[in-house]
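Trainee: Sequence order for the protein chains is A and B.
Using the working numbering, the letters of the first sequence map in sequence onto residues 1 to 288.
Using the working numbering, the letters of the second sequence map in sequence onto residues 289 to 576.
2 protein chains.
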Amino acid sequence: MKVAIAQYACTPDIDTNLASAEREIAAAGAAGAALVVLPELHNTPYFCQVEDPARFDYAEPIPGPSSRRLAEAARAAGVVVVASLFERRAAGLYHNTAVVLDRDGSLAGRYRKMHIPDDPEYYEKYYFTPGDLGFTPIDTSIGRLGVLVCWDQWYPEAARLMALAGAELLIYPSAIGWDDAVDDSAEQQRQLGAWQGVQRGHAIANGLPVITSNRVGVEGDHTTQIRFWGHSFMFGCQGETLADAGEDAEQLIADIDMHRSETVRRIWPFLRDRRIDAFADLTRRYRD
Amino acid sequence: MKVAIAQYACTPDIDTNLASAEREIAAAGAAGAALVVLPELHNTPYFCQVEDPARFDYAEPIPGPSSRRLAEAARAAGVVVVASLFERRAAGLYHNTAVVLDRDGSLAGRYRKMHIPDDPEYYEKYYFTPGDLGFTPIDTSIGRLGVLVCWDQWYPEAARLMALAGAELLIYPSAIGWDDAVDDSAEQQRQLGAWQGVQRGHAIANGLPVITSNRVGVEGDHTTQIRFWGHSFMFGCQGETLADAGEDAEQLIADIDMHRSETVRRIWPFLRDRRIDAFADLTRRYRD
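(1) Please name the residue, chosen from 353/B, 401/B, 473/B and 352/B, that lies closest to residue 435/B on a Cα-to-Cα basis.
(2) Give me the subset of the segment 208 to 238 of chain A whose CB atoms are less than 7 Å from a CB atom of chain B, sorted by chain position.
(3) Residue 220/A to residue 12/A, Cα distance in whole Å?
(4) Less than 9 Å between CB atoms is the rule here; does residue 178/A satisfy it with respect to chain B?
(5) Can you tell which of 196/A, 61/A, 100/A and 80/A has the C-alpha that lies nearest to the C-alpha of residue 527/B?
(6) Does residue 546/B have its Cβ less than 9 Å from a Cβ in chain A?
(7) Answer yes or no: do residue 124/A and residue 48/A have a C-beta to C-beta separation smaller than 9 Å?
(8) Comparing C-alpha positions only, which one of 274/A, 282/A and 287/A sits nearest to residue 418/B?
(9) For residue 535/B versus residue 504/B, is the C-beta distance shorter than 9 Å?
(10) Going by the beta-carbon positions, is the gap between residue 397/B and residue 427/B smaller than 9 Å?
(11) Which class does residue 415/B belong to by DSSP, given the choice of helix, strand or coil?
(12) Check whether chain B comes within 9 Å of residue 11/A, counting only Cβ atoms and requiring the distance to be less than that.
(13) Take residue 518/B as the anchor and find which of 295/B, 289/B and 383/B has the nearest alpha-carbon.
(14) Going along the chain, which unbroken runs of the beta strand (DSSP E) with 3 or more residues stay wholly within the segment 356 to 419 of chain B?
(15) Here's the rule I'm using: 16 or more other beta-carbon atoms within 10 Å means buried, otherwise exposed. How should residue 375/B be labelled?
(16) Can you tell me whether residue 526/B is helix, strand or coil according to DSSP?
(17) Give a yes or no on whether 9 Å exceeds the smallest Cβ distance from residue 260/B to chain A.
(18) So residue 388/B packs on residue 433/B, CB below 8 Å; how close in whole Å?
(19) For my contact list, residue 570/B and residue 161/A are in at a C-beta cut-off of 8 Å; report their separation, rounded to the angstrom.
(20) Reducing DSSP to helix, strand and coil, say where residue 276/A ends up.
(21) What does the Cβ neighbour count give for residue 478/B, buried or exposed, with the cut at 16 atoms within 10 Å?
(22) Residue 69/A to residue 29/A, Cα distance in whole Å?
(23) On the three-pair Cβ rule with 8 Å, is the segment 257 to 264 of chain A touching the segment 21 to 36 of chain A?
(24) Name the residue from 379/B, 364/B and 390/B whose alpha carbon lies nearest to the alpha carbon of residue 371/B.
(25) Quickly, what does DSSP pair residue 292/B with across the bridge? List them, please.
(26) Taking buried to mean at least 16 other C-beta atoms within 10 Å of its own C-beta, is residue 261/A buried or exposed?
(27) Counting along the chain, where does the beta strand (DSSP E) carrying residue 214/A start and finish?
(28) Give a yes or no on whether 9 Å exceeds the smallest Cβ distance from residue 453/B to chain A.
(29) Rounded to the nearest angstrom, what separates residue 532/B and residue 500/B at their Cα positions?
(30) Could you check what DSSP says for residue 147/A in three-state terms: helix, strand or coil?
(31) Just mark residue 152/A as buried or exposed, buried being the case when its beta carbon has 16 or more other beta carbons within 10 Å.
(32) Give every residue of the same chain whose Cβ lies closer than 8 Å to the Cβ of residue 471/B, excluding the five residues on either side of it in the sequence, and list them in chain order.
(33) Quick check: is the beta carbon of residue 138/A nearer than 9 Å to any beta carbon in chain B?
(34) Start and end of the alpha helix (DSSP H) containing residue 549/B?
(35) Which partner residues of residue 227/A appear in the DSSP bridge assignment?
(36) Where residue 107/A and residue 71/A are concerned, what is the direct C-alpha to C-alpha distance, given to the nearest angstrom?
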């Protein structure tokens with residue numbers, strides 16, 4: 001199955017960004033891809049760099065204008081689209097939500113980001129209520145998709161729960177980068193390596209391919225500037241790199257063998273042996 | 289803190305193997321290491337390649353002759369030793385047990401391998417009862433050690449439970465290799481990459497260093513031959529490679545910064561945000 005990742009810089013203008021998404025979806029369809037994954041919050045600048053109540057204006061309901069426009073692009077291209085939107089659920093209640101649009105333009109499902117970060121320049125706890133839909137895969141015409149979002153990617157629990165629910169792919173729209181004023185080059189490489197490395201671990205531990213899109217480009221002013229590091233990637237179900245976009249590629253396309261999990265899980269039957277009788281403390285904050 | 293890994297081939301003779309362990313412990317002490325990790329079941333050939341009731345003769349109680357001899361070596365060298373023994377607990381009741389000997393020669397604790405594999409040439413379910421001591425770190429004079437064994441290394445749950453219980457290092461004695469008759473070179477590289485990759489994931493997800501020793505050498509006859517792949521390693525708490533023994537090095541020594549977890553967990557506070565309210569299904573076999 002051919003899979004595409006769109007990796008592009010987002011502008012302050014929503015309409016421009018939506019046009020970029022439409023262009024990428026069309027290109028993915030023209031290239032024969034069955035699935036295209038867009039980066040996190042691709043409609044807007046990465047607005048979480050500061051806490052500003054005016055920025056809730058970026059949010060919209062789902063279904064809403066953007067999801068409908070993306071659904072139409074999915075239908076026109078005949079591609080399943082994993083999009084990432086700022087969801088307004090009610091006044092004062094917002095989520096960071098991944099939306100899956102099937103190739104017929106229907107809304108296959110949504111995933112509300114469960115793990116919300118909050119670090120300098122990533123003030124997401126201000127904007128997003130933690131998801132309340134659990135770790136639930138989304139069924140589509142091309143398979144059951146384990147869609148998670150960015151900060152979730154650091155949590156093996158999230159990947160495992162998706163795998164246990166029958167997800168056939170793990171998918172992470174992301175927005176992560178460096179602050180060049182804070183991180184030297186060695187630290188930047190460790191962070192990039194860790195970001196890919198922890199997700200490679202999810203592929204291996206669960207015998208599933210992982211598809212992750214990331215933003216590129218520099219956003220913010222000199223006091224809060226993020227250089228989104230790109231390096232969108234696809235890993236196979238032994239963690240092998242199938243494709244890596246580096247910092248420049250705008251669209252990454254690779255073949256994913258959807259039957260390989262069956263083979264790999266036979267030689268490494270990790271699911272057979274999990275010591276579920278001894279896992280109860282995983283629901284504790286700390287074992288003290 | 290200087291840490292040593294011993295990576296050596298094991299022979300059919302227990303006394304020879306114990307002498308190798310003593311030599312490695314002494315060398316680690318002479319090199320100024322505070323800790324040395326031996327490979328899995330280093331006293332014996334890897335006897336699990338066939339199911340043979342006579343091979344239970346390899347087992348011994350703990351404390352017992354081997355643990356006492358290793359304890360004396362630990363005391364003489366002034367080094368904490370993580371050893372790996374075939375434990376006879378009662379007639380018909382055996383475990384694959386890691387033993388931690390403190391630098392004063394005392395038995396700091398034991399860990400009974402929780403996840404037991406069973407694959408062609410690795411018939412461990414025949415020999416080892418799954419551990420019943422849980423995922424409990426062992427306190428020593430150099431810190432709290434999250435000692436696990438081999439097949440455990442594929443399970444993010446095991447690493448997480450050790451981290452939640454305050455482990456400062458994750459340590460895995462291992463015995464893993466290729467069957468050259470089954471695996472071609474590309475598959476061998478994927479397996480080695482996956483083995484290191486999943487453990488790199490544990491380092492990153494938990495902000496902890498990982499220290500893993502593996503056997504080297506070829507064992508078995510032409511019908512069941514394992515080429516243990518070595519590549520013992522130490523990863524830092526962002527998953528960065530601190531040392532990798534390749535297939536040849538007999539002793540690997542590197543410095544581990546025991547204060548870096550504190551720093552890394554401040555920039556990546558994963559433990560803060562775990563969605564423990566949504567993790568209950570981790571104790572299910574499958575979510576169907």
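In this text, a Cβ means the ideal position worked out from N, Cα and C, and glycines have one as well.
Computed from a predicted model, the values in this text were never measured in an experiment.
Mentor: With the given structure in hand:
(1) Comparing Cα-Cα distances from residue 435/B to each of 353/B, 401/B, 473/B and 352/B, the minimum goes to 401/B.
(2) Only 238 from the segment 208 to 238 of chain A bring a Cβ to less than 7 Å from some Cβ of chain B.
(3) Cα-Cα distance, rounded: 11 Å.
(4) Contact of residue 178/A with chain B is not assigned, every C-beta pair being separated by 9 Å or more.
(5) Comparing Cα positions, the closest option is 196/A.
(6) So no, residue 546/B is outside the interface.
(7) Cβ distance < 9 Å, so residue 124/A and residue 48/A count as in contact.
(8) Of 274/A, 282/A and 287/A, the smallest CA-CA separation from residue 418/B is found for 274/A.
(9) A contact, by the Cβ cut-off of 9 Å.
(10) Residue 427/B is positioned such that its CB atom lies closer than 9 Å to that of residue 397/B.
(11) DSSP places residue 415/B in helix when its eight states are reduced to three.
(12) The beta carbon of residue 11/A does not come within 9 Å of any beta carbon belonging to chain B, so the residue lies off that interface.
(13) Closest by alpha carbon: 295/B.
(14) Scanning the segment 356 to 419 of chain B for uninterrupted beta strand (DSSP E) segments of 3 residues or longer gives 368 to 378, 381 to 389 and 395 to 400, listed from N- to C-terminal end.
(15) In summary, residue 375/B is buried, with 16 or more beta-carbon neighbours lying within 10 Å of its beta-carbon over all protein chains present.
(16) Looking at residue 526/B - three-state DSSP - the assignment turns out to be coil, as it is neither helix nor strand.
(17) Because chain B here runs from 289 to 576, residue 260/B falls outside it and cannot be looked at.
(18) The Cβ separation is near 6 Å, so the contact holds.
(19) 7 Å between Cβ atoms; contact.
(20) Residue 276/A falls in the helix class under three-state DSSP.
(21) Residue 478/B should be labelled buried.
(22) Cα to Cα, residue 69/A sits roughly 16 Å from residue 29/A.
(23) No: the two stretches stay apart, fewer than three of their Cβ pairs being nearer than 8 Å.
(24) Checking every option, the nearest Cα to that of residue 371/B belongs to 390/B.
(25) Partner(s): 324/B and 541/B.
(26) So residue 261/A ends up on the buried side.
(27) For residue 214/A, the enclosing beta strand (DSSP E) has its first and last residue at 210 to 214.
(28) It does; some Cβ of chain A falls within 9 Å.
(29) Computed Cα separation, rounded: 10 Å.
(30) The three-state reading of DSSP puts residue 147/A in strand, counting E and B together.
(31) By the 10 Å Cβ count, residue 152/A comes out buried.
(32) 479, listed in sequence order.
(33) No, because no Cβ of chain B sits closer than 9 Å to the Cβ of residue 138/A.
(34) Start and end: 548 to 555.
(35) Beta-bridge annotation (DSSP): residue 227/A is paired with 178/A and 218/A.
(36) Looking at the two C-alpha atoms, the distance is approximately 7 Å.
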